[in-house]
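Asks: One structure is given below, represented as structure tokens, and several questions about it will come after.
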Amino acid sequence: MSLQYFYFIIQYSAKREAGKEAQSRTGKMKLEVYADRMSQPSRAVIIFCKVNGIDYTERKVDISKREHLTPEFAEINPMKQLPAIVDGNFKLFESHSILIYLACAFPGVADHWYPANLFKRSKMHSVLYWHHSNLRRAADTYVTNTTILPALGHPSNQQAAAEAEKLLFSSLSKIESFWLKGDGPFLLGRNQPSIADLSLVCELMQLEVLDEKDRERFLGPYKKVQQWIKRTRNATSPHFDNVHNILMKVKEKLKNKPLMEANHGGALDIQKRLRSRI
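Heads up, the sequence shown is in full-length UniProt numbering, so the first residue is 1 and it goes up one at a time.
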């Protein structure tokens, strides 16, 4: 069997299964998305649904109130993490898996989000797998320990923050020099955004809550990364900025925190308000 024929069979089977899945959704209840918009992966899933006109109901699970740890939510996702979806009798968690499912199961999603081409799809998987063990681990750990926990009055792990800082610089460097290498303006040199672009840019948006100098220290050296973030936001406008509105509000609260801390009551007040948003 030639490689070309083998490839054709795989492509044909994948398209046939995707068609069956789209047909099997007929008559299902509306998709439910369990999310907290302060969660980077939650935002990626919500934006994807909005951009692609996927009809869904958003179920807010407030992480700050530990609602993700309740027995009720454990029935949805035993790992007790966000986001998660329920589509009829089908339950799924992990944002990358959810995005892949949505791209395959719902009709009308453009091929550039998750290409049918096996080779292009496999390359995209490599970005997604890299994301979790590099950029996500770095950005989330750094922001949590340098900004979020102190703002909430909780102790932070400075050693973890220092290690995350190194990994974050390394991750940004690899995006700049490797993942954005190619003729197109998006990851893997593509001309249009994919689920990988959306996932990684939502991750980097968490850096917005850092103070301006710290954020510039990370992103300033990487011009291609900055342009790519802007292009991904524009390509998913207006939904991208609308979904990130809650993050921008937290950014403003943190920006004004030194003024609020002029008195003890002010410090307690901002902590209380941040808890309702983080």
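Ideal Cβ positions, reconstructed from N, Cα and C, are used throughout, including at glycine.
Would you kindly report the start and end of the unbroken alpha helix (DSSP H) that includes Tyr56?
Replies: Here residue 56 is taken as the residue at index 56 of the sequence shown, counted from 1. Element bounds for Tyr56: not the alpha helix (DSSP H) but the beta strand (DSSP E), Tyr56 to Lys60.
Asks: Within 10 Å of its beta-carbon, does Leu3 have 16 or more other beta-carbons around it, so buried, or fewer, so exposed?
Replies: What you label residue 3 is simply residue 3 of the sequence shown in a count that begins at 1. Unreliable positioning characterises Leu3 in this predicted model, as indicated by a pLDDT of 48, which lies under 50. A coordinate reading is not provided.
Asks: Would you give the residue range spanned by the beta strand (DSSP E) that Phe90 belongs to?
Replies: As a first step, residue 90 must be located in the sequence shown, where it is residue number 90. Unbroken beta strand (DSSP E) run through Phe90: Phe90 to Phe93.
Asks: Taking Cβ positions, are Tyr34 and Pro83 nearer each other than 8 Å?
Replies: On the sequence shown, residue 34 is found 34 positions in, with the first residue counted as 1. On the sequence shown, residue 83 is found 83 positions in, with the first residue counted as 1. In this structure, Pro83 lies closer than 8 Å to Tyr34 by Cβ.
Asks: Assuming Leu198 contacts Thr236 under a Cβ cut-off of 8 Å, what Cβ separation, rounded to an integer in Å, is found between them?
Replies: Within the sequence shown, residue 198 is the residue found at index 198, counting from 1. Within the sequence shown, residue 236 is the residue found at index 236, counting from 1. Yes, they are in contact, since the Cβ atoms of Leu198 and Thr236 sit about 7 Å apart, within 8 Å.
Asks: Please check the pair Arg43 and Cys202, which I expect to be a contact at CB under 8 Å, by giving their CB distance rounded to whole angstroms.
Replies: In the sequence shown, the residue the question calls residue 43 occupies position 43. In the sequence shown, the residue the question calls residue 202 occupies position 202. The pair is a contact, with the Cβ atoms about 5 Å apart (cut-off 8 Å).
Asks: For Met155, is the classification buried or exposed, using 16 other Cβ atoms within 10 angstroms of its Cβ as the cut-off for buried?
Replies: The residue you call residue 155 lines up with position 155 of the sequence shown. Note that residue 155 is Pro in the sequence shown, not Met. Flag for Pro155 reads exposed.
Asks: Between Asn157 and Lys166, what straight-line distance do the alpha-carbon atoms span, to the nearest angstrom?
Replies: As a first step, residue 157 is located in the sequence shown; it is residue number 157 there, counting from the start. As a first step, residue 166 is located in the sequence shown; it is residue number 166 there, counting from the start. Rounded to whole angstroms, Asn157 to Lys166 spans 15 Å at the Cα level.
Asks: Going by beta carbon distance, what residues of the same chain come within less than 6 Å of Ile175, once the five residues before and after it are set aside?
Replies: Working through the sequence shown from its first residue, we reach residue 175 at position 175. For Ile175, where only same-chain residues beyond five positions count, the Cβ hits under 6 Å are Val225.
Asks: Under three-state DSSP, which class holds Asp36?
Replies: On the sequence shown, position 36 is the one that residue 36 refers to. Coil at Asp36, not helix or strand.
Asks: Rounded to a whole number of angstroms, what is the C-alpha to C-alpha distance between Gly184 and Arg231?
Replies: Residue 184 sits at position 184 when you count from the first residue of the sequence shown. Residue 231 sits at position 231 when you count from the first residue of the sequence shown. Straight-line Cα distance between these residues: approximately 11 Å.
Asks: For the alpha helix (DSSP H) containing Ala196, list its first residue and its last residue.
Replies: The residue labelled residue 196 in the question sits at position 196 within the sequence shown. Taken as a continuous stretch (DSSP letters only), the alpha helix (DSSP H) holding Ala196 covers Ile195 to Met205.
Asks: Using a Cβ-Cβ cutoff of less than 7 Å, which residues in the same chain neighbour Phe240 once the five nearest sequence positions on both sides are dropped?
Replies: Position 240 of the sequence shown, counted from the start, is the residue given in the question as residue 240. Hits under 7 Å: Ile47 and Arg233.
Asks: Would you list the one or two residues that DSSP bridges to Leu31?
Replies: Residue 31 sits at position 31 when you count from the first residue of the sequence shown. Bridge partners of Leu31: Tyr56.
Asks: For Ala84, write down the residues that DSSP places opposite it in a beta bridge.
Replies: Stepping through the sequence shown from its first residue, residue 84 is reached at position 84. DSSP, once it has assigned bridges, lists Tyr34 and Phe93 as partnering Ala84.
Asks: Might you give, ordered along the chain, the residues of its own chain that have their beta carbon closer than 6 Å to the beta carbon of Ala164, omitting 5 neighbours on each side?
Replies: As a position in the sequence shown, residue 164 is number 164, starting the count at 1. Excluding residues within five positions, the ones whose Cβ falls inside 6 Å are Ala138, Thr141 and Tyr142.
Asks: Leaving aside the five residues before and after Ser126 along the sequence, list all residues of the same chain whose C-beta is less than 6 Å from its C-beta, in chain order.
Replies: In the sequence shown, the residue the question calls residue 126 occupies position 126. If we look at Ser126 and ignore the five residues flanking it on each side, it has no Cβ neighbours.
Asks: Can you tell me where the alpha helix (DSSP H) holding Gln159 begins and where it ends?
Replies: Position 159 of the sequence shown, counting from 1, holds the residue named residue 159. Segment Gln158 to Lys174, the alpha helix (DSSP H) holding Gln159.
Asks: Determine the direct distance from the alpha carbon of Thr57 to that of Phe169, and round the result to whole angstroms.
Replies: Here the question's residue 169 lines up with position 169 in the sequence shown. Here the question's residue 57 lines up with position 57 in the sequence shown. If you take the alpha carbons of Phe169 and Thr57, they lie about 37 Å apart.
Asks: Determine the contact status of Ser194 and His112, defining contact as a CB-CB distance below 8 Å.
Replies: What you label residue 194 is simply residue 194 of the sequence shown in a count that begins at 1. What you label residue 112 is simply residue 112 of the sequence shown in a count that begins at 1. Cβ distance < 8 Å, so Ser194 and His112 count as in contact.
Asks: Below 8 Å on the Cβ atoms is my contact criterion, and I expect Ser95 with Val61 to pass it. Report the Cβ-Cβ distance as a whole number of Å.
Replies: Walking along the sequence shown from the start, residue 95 turns up at place 95. Walking along the sequence shown from the start, residue 61 turns up at place 61. Incorrect: roughly 14 Å between the Cβ atoms, too far for contact.
Asks: For a test of the three-state rule: what should DSSP assign to Thr70, helix, strand or coil?
Replies: As a working mapping, residue 70 is identified with position 70 in the sequence shown. Three-state DSSP puts Thr70 in coil, outside helix and strand.
Asks: Buried or exposed: which applies to Asp36, given that a residue is buried once 16 or more other Cβ atoms fall within 10 Å of its Cβ?
Replies: In the sequence shown, counting from the first residue as 1, residue 36 sits at position 36. Classification of Asp36: buried, given that the 10 Å Cβ count is 16 or more.
Asks: Between the alpha carbons of Trp228 and Glu216, how many angstroms are there, rounded?
Replies: Start at 1 with the first residue of the sequence shown, and residue 228 comes out as number 228. Start at 1 with the first residue of the sequence shown, and residue 216 comes out as number 216. The alpha-carbon atoms of Trp228 and Glu216 are separated by roughly 16 Å.
Asks: In whole angstroms, what separates the C-alpha of Ala105 from that of Lys30?
Replies: For the purposes of this step, residue 105 is identified with residue 105 of the sequence shown, where counting begins at 1. For the purposes of this step, residue 30 is identified with residue 30 of the sequence shown, where counting begins at 1. Looking at the two C-alpha atoms, the distance is approximately 13 Å.
Asks: Is the beta carbon of Ile98 closer than 8 Å to that of Val86?
Replies: On the sequence shown, position 86 is the one that residue 86 refers to. On the sequence shown, position 98 is the one that residue 98 refers to. Going by C-beta atoms, Val86 is not nearer than 8 Å to Ile98.
Asks: What residue range is occupied by the uninterrupted alpha helix (DSSP H) comprising Ala235?
Replies: Taking the first residue of the sequence shown as position 1, residue 235 is located at position 235. Start and end: Lys223 to Ala235.
Asks: Could you spell out the range, first to last residue, of the alpha helix (DSSP H) harbouring Arg190?
Replies: On the sequence shown, position 190 is the one that residue 190 refers to. Careful: Arg190 lies outside any alpha helix (DSSP H) and carries neither H nor E.
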